[in-house]
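Visitor: Sequential numbering of the sequence shown, starting at 0, is according to numbering that gives the first Met the number 0.
Structure provided below as structure tokens; questions to follow.
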Amino acid sequence: MTEIDELRCRMARQAARFAEGNGYTPSPVPRVKILYVDRYCPRQPVMYEPGVVIVFQGHKVGYIAATRCSSTIRATIC
Numbered sequence: 000m001t002e003i004d005e006l007r008c009r010m011a012r013q014a015a016r017f018a019e020g021n022g023y024t025p026s027p028v029p030r031v032k033i034l035y036v037d038r039y040c041p042r043q044p045v046m047y048e049p050g051v052v053i054v055f056q057g058h059k060v061g062y063i064a065a066t067r068c069s070s071t072i073r074a075t076i077c
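Laid out in structure tokens, this is it:
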């Protein structure tokens, strides 16, 4: 495991400590929420507040109309 991979794992463990199960949980940082999901969620319409999403582990797929946006640890493709 590389040094950057170890750092990512450490950050994921620290963020997961604040999660209170699946869904959003406030973090100790004002206006920052932790979203923890440990299983597949089917596609559904969602309205987000403007913000930044940091994926610590796994990936997130979003859709803007017919455009598929996929984020991974290495890059975001949209």
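Quick reminder that beta carbons are idealized off the backbone N, C-alpha and C, glycines included.
#1: Leaving out the 5 sequence neighbours to the left and right, which residues in its chain are closer than 7 Å to V36 when beta-carbon positions are compared?
#2: Distance, Cα to Cα, C40 vs E2?
#3: Start and end of the beta strand (DSSP E) containing R30?
#4: Can you tell me where the alpha helix (DSSP H) with C8 in it begins and where it stops?
Guide: Reading off the structure:
#1: N21
#2: 31 Å
#3: From DSSP, R30 is part of no beta strand (DSSP E); its letter is neither H nor E.
#4: 2 to 17
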